[in-house]
Amino acid sequence: MSQIIKKSYQWVDDRFHLTPLIEFMRHKKVPVHKHSIWYYMGGVALFLFIIQVVTGILLLLYYQSGVDSGYESVRFLMTKVNFGWLIRSIHSWSANLFIFFIFVHMFSTFFTKAFRKPRELTWLSGFVLLLLAMGFGFSGYLLPWNELAFFATKVGTDIAGAVPLIGDAIKVVLRGGEDVTGATLSRFYAFHVALIPGIFTVILGLHLLFIQRQGMHEPDYFKNLPQEKKKTIPFFPNFILRDALLWLIVLNILLYLAVFFPWELGNKADPFSSAPQGIRPEWYFMFMFQTLKFLPAHILFIEGEVFGVLFFTVVAIVWLLVPFWELKFKGDKKARPLKIIGIVVILYIIALTALGYIL
Amino acid sequence: MTDLKIRGILILGFSILFGMVPGKISAQQDIALPENDQCIICHKEMEFLPEDFSANDVHLTAGLSCAGCHGGNPKKEEMEEAMSEKAGFVGVPSKQEIPQFCGKCHSDIKFMREFQPRIPTDQVEQYYTSVHGIKLKKGDNKVADCTSCHTAHSILSAKDSRSTVYPLNVPETCKHCHSDAQYMEPYHIPTDQYQKYAESVHGKLLLEENDTGAPACNDCHGNHGAIPPGVASISHVCGTCHVNNLQYFSKTKMAREFEELQIHACEACHGNHRVMDATDNMVGTGEKAFCIECHEKGDAGYKEAELIHSELENVVAVYDSAKTLQNKVQRIGMDDADINYLLQESHQSLIQARTLVHTFDHEKVGDKTKEGIMKAEDAILLANKEVKDYKVRRLGFSVATMFITILVIALFFKIRQIEK
Chain A
1 MSQIIKKSYQ WVDDRFHLTP LIEFMRHKKV PVHKHSIWYY MGGVALFLFI
51 IQVVTGILLL LYYQSGVDSG YESVRFLMTK VNFGWLIRSI HSWSANLFIF
101 FIFVHMFSTF FTKAFRKPRE LTWLSGFVLL LLAMGFGFSG YLLPWNELAF
151 FATKVGTDIA GAVPLIGDAI KVVLRGGEDV TGATLSRFYA FHVALIPGIF
201 TVILGLHLLF IQRQGMHEPD YFKNLPQEKK KTIPFFPNFI LRDALLWLIV
251 LNILLYLAVF FPWELGNKAD PFSSAPQGIR PEWYFMFMFQ TLKFLPAHIL
301 FIEGEVFGVL FFTVVAIVWL LVPFWELKFK GDKKARPLKI IGIVVILYII
351 ALTALGYIL
Chain B
360 MTDLKIRGIL ILGFSILFGM VPGKISAQQD IALPENDQCI ICHKEMEFLP
410 EDFSANDVHL TAGLSCAGCH GGNPKKEEME EAMSEKAGFV GVPSKQEIPQ
460 FCGKCHSDIK FMREFQPRIP TDQVEQYYTS VHGIKLKKGD NKVADCTSCH
510 TAHSILSAKD SRSTVYPLNV PETCKHCHSD AQYMEPYHIP TDQYQKYAES
560 VHGKLLLEEN DTGAPACNDC HGNHGAIPPG VASISHVCGT CHVNNLQYFS
610 KTKMAREFEE LQIHACEACH GNHRVMDATD NMVGTGEKAF CIECHEKGDA
660 GYKEAELIHS ELENVVAVYD SAKTLQNKVQ RIGMDDADIN YLLQESHQSL
710 IQARTLVHTF DHEKVGDKTK EGIMKAEDAI LLANKEVKDY KVRRLGFSVA
760 TMFITILVIA LFFKIRQIEK
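Okay, structure coming up:
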């Protein structure tokens, strides 16, 4: 058996020269220190993305977009197709865990200051990936064409419409018209299975390429250690195997959630009915949604909702550009403004999300 | 003495003469009243509007003011001119005159058509066929006339929920006289109809759930031609809504025999004002069954009743088991949509079987109960499959977890081995 594997490898290696690549990975070192655990978060997000792709393709085999078929096809998939319920449940749960781990990955990068030179583009591409993942979530939420999703999309696209000057245009483009209709469903389907995956894959490729090229970021205190005291492990196979171990644990959690808390389908959307109680967006939009709800009708001369949208846009841009302005605080170790900013942002997100579910 | 004072005294005298009392103007009357109508101007000024006067009155809002019924000239300021016989003033009609008084317009289709093209104009004619109308004609002034139910000066459309004759308010309107034992004393009829009705399945729907589809007094007794239904017509009264029950019943031998024996068809088992929810125990030979009131052990009817009851019992037992299983499926979070469809069909068959009880033929009832049983059994099969699937899913998860755990442990040792 091992002879066959060796021969096959030899055959491929003769043609594609894999050995230098494996040597590169074998020589690539991953630092080991008290914050090493955060190195795995991006890997978990990547694993969940792979699960999304695989289960998404399986769902595509049965899903039929359309006002008269979207809900029905998902219902058919969940009740009549073998393991259909499991695939959909895993897809929904891993979508949520995916975004959760992207957040964890992003904040760990933020707190360990891994975005600093030379990794500015890795940070930028990562942030774009977060936005795209949220776009995945927003577009995918509508596809089963159920009541909650329908009204949440209505509210969500209305919020997009509050952007000054171009808001209305964005809303019409997103909805494919003035209202949330079958046209919205069709284009959300296109966004979800073609447009966003295409862009996501390219940017993800770049993101991974940057990481491989530059290696893992070393925290300041680790960097300053003498070479002999720096503990490292080879990227291949050690780090990869540890990654695999964590992925298996995540897979098990995912299966547990999918089996014991299957994702509900709810009632079919009825555009003519009044909005049911408890309309809320997915949890990762909740802090923004709740903020908008808390804002007064007018702030200064601007409408409250417009103010909120502008506020989050500015915050997102500032957050995106952190590698470029943060350096100014580099010398000031006592003030640690970055840590404070990060904690405030996390507390804000947690508090507003919790309020969104309690109120 | 000023003109106004003289007018006031004259109005007071006139009012006392015709039984009018100074009225209170309610909040409703903030609605704009006709501006140039001297009847209203003077009567309002002197607070001599009729006690039940309302600006919302359907006639008033349609532009038909006091003079429309009472005659006179509403344009004249001087009372003598406005309320002179020359101006056609007729004053307040006597009790005996009221039906004809309203009928002046309401029996004239040419006139009424202008307001409502499809309005009936036979109310007065019907009224004189009613017990109320017959007695009034004989000089009984206690019976209901048009104003007793519709009021005289605050008449609203029957579609208006504030109207005394709006479906939800009809029982209360009839109760006004019919539940007053002292008032009804000379007529020697019961006065507990409202109380019984309020306890009935119809009354609960109408009075508690505000379901205007449920019958009020007038739906069985008629309104203008109100009369207690006789033996021949009672099944038709109930059959107006319960169409199939009537159709099945009227073709049976029992229908003819009931008529011969002067037994009220539906009422014999279901009662009249206090119609309760029909239960399966009403048919059969049990304690609560009505069949045994006439049939005795050994006769054909007794046997038939036993068979019909057992048919119903069978389908109910299977349906209940299926329903319990469906609840279980729901509780464990599995899909019960198809089970629900089947149970709906089974329940439909059960309802049809219960309706077919009125054929008094166990074979006809049995055909439907068999359908119901089959659907309920299919639902049970599906429910069992869902429960089994639920267990398989958990078992599958356990196996997968075991497999993953072994892999995790193996990997853990592999990593330790490499790193040594």
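If you read the sequences in order, they're chains A and B. Numbering follows this note's numbering, in which position 121 of the first sequence is assigned residue number 121; successive positions increment by one, without gaps. Offset between the second sequence (1-based) and this note's numbering: plus 359. Note that the Cβ used here is the ideal one computed from N, Cα and C, for glycine as well. All values derive from a computational prediction rather than experimental measurement.
- Taking each of B/Glu568, B/Glu440 and B/Ala511 in turn and checking the Cα distance to B/Pro452, the smallest one comes out for B/Ala511.
- With three or more CB-CB distances shorter than 8 Å, the region 551 to 561 of chain B counts as touching the region 626 to 634 of chain B.
- By the CB criterion at 8 Å, A/Ser139 and A/His192 fall inside the cutoff.
- At least 8 Å separates the CB of A/Val314 from every CB of chain B.
- Within the DSSP bridge table, the entry for A/Asn146 names A/Lys268 as partners.
- Within chain B, no residue has its CB atom less than 9 Å from the CB of A/Leu254, the nearest being about 10 Å off.
- The alpha-carbon separation between A/Phe301 and A/Ile240 amounts to approximately 55 Å.
- Bridge partners of B/Pro479 according to DSSP: none are assigned.
- Around the beta carbon of A/Leu225, fewer than 16 other beta carbons sit within 10 angstroms, so the residue counts as exposed.
- Here B/Ser520 is exposed: its Cβ has fewer than 16 other Cβ atoms, across all protein chains shown, within 10 Å.
- Under the 8 Å criterion on CB atoms, A/Val259 is classed as interfacial with respect to chain B.
- Flagged as an interface residue toward chain B: A/Thr79, by a C-beta distance shorter than 8 Å.
- Counting along the chain, A/Ile233 sits inside the beta strand (DSSP E) bounded by residues Thr232 to Pro234.
- Spatial neighbours of B/Phe460 in its own chain (CB-CB distance under 6 Å, excluding positions within 5 residues in sequence) are listed in chain order as Pro452.
- For B/Lys555, the enclosing alpha helix (DSSP H) starts and ends at Gln552 to Glu558.
- Within the DSSP bridge table, the entry for A/Lys29 names A/Pro234 as partners.
- For B/Asp578, not one C-beta of chain A is nearer than 8 Å to its own C-beta.
- In chain order, Asp416 and Val417 place their CB closer than 6 Å to the CB of B/Ile514, counting only its own chain and leaving out the 5 sequence neighbours on each side.
- A/Ile302 sits in a strand when the DSSP states are folded into three classes.
- Interface annotation for the region 752 to 768 of chain B against chain A: Arg752, Arg753, Gly755, Phe756, Ala759, Thr760, Ile763, Thr764, Leu766 and Val767, criterion Cβ-Cβ distance under 9 Å.
- Under the three-state reduction of DSSP, A/Gly140 is assigned to helix.
- With fewer than 16 neighbouring CB atoms inside 10 Å of its own CB, B/Ala696 falls in the exposed class.
- The C-beta of A/Arg187 comes no closer than 8 Å to any C-beta of chain B.
- Distance from the Cα of B/Phe719 is smallest, within the candidate group B/Ile765, B/Thr760 and B/His668, for B/His668.
- A straight-line Cα-Cα distance of about 10 Å links B/Phe448 and B/Gly427.
- Listed along chain A are Leu241, Ala244, Leu245 and Leu248, each with a C-beta nearer than 8 Å to that of B/Leu770.
- Straight-line measurement puts the Cα of A/Ala244 at about 19 Å from the Cα of B/Lys779.
- Any Cβ of chain B closer than 8 Å to the Cβ of A/Asn82 would place that residue at the interface, and such an atom is absent.
- Distance between A/Val202 and B/Leu684, taken at the CA atoms: about 51 Å.
- By the Cβ rule, the region 250 to 259 of chain A does not count as touching the region 133 to 152 of chain A, because fewer than three pairs are nearer than 8 Å.
- Residue A/Lys154 holds the alpha-carbon nearest to the alpha-carbon of A/Pro276 among A/Tyr284, A/Lys154, A/Trp247 and A/Gly215.
- Proximity of chain A to B/Lys773 at the Cβ level (cut-off 8 Å) is accounted for by Leu241, in chain order.
- Residues are counted here when their Cβ sits less than 8 Å from a Cβ of chain B; for the region 219 to 239 of chain A these are Ile233, Pro237 and Asn238, given in chain order.
- Within chain A, the residues Ile233 and Asn238 have their CB atoms less than 8 Å from the CB of B/Glu778, given in chain order.
- Considering only A/Phe151, A/Ala351 and A/Asp168, the residue with the shortest C-alpha distance to A/Val180 is A/Phe151.
- For B/Val634, there is no enclosing alpha helix (DSSP H), as DSSP marks it with neither H nor E.
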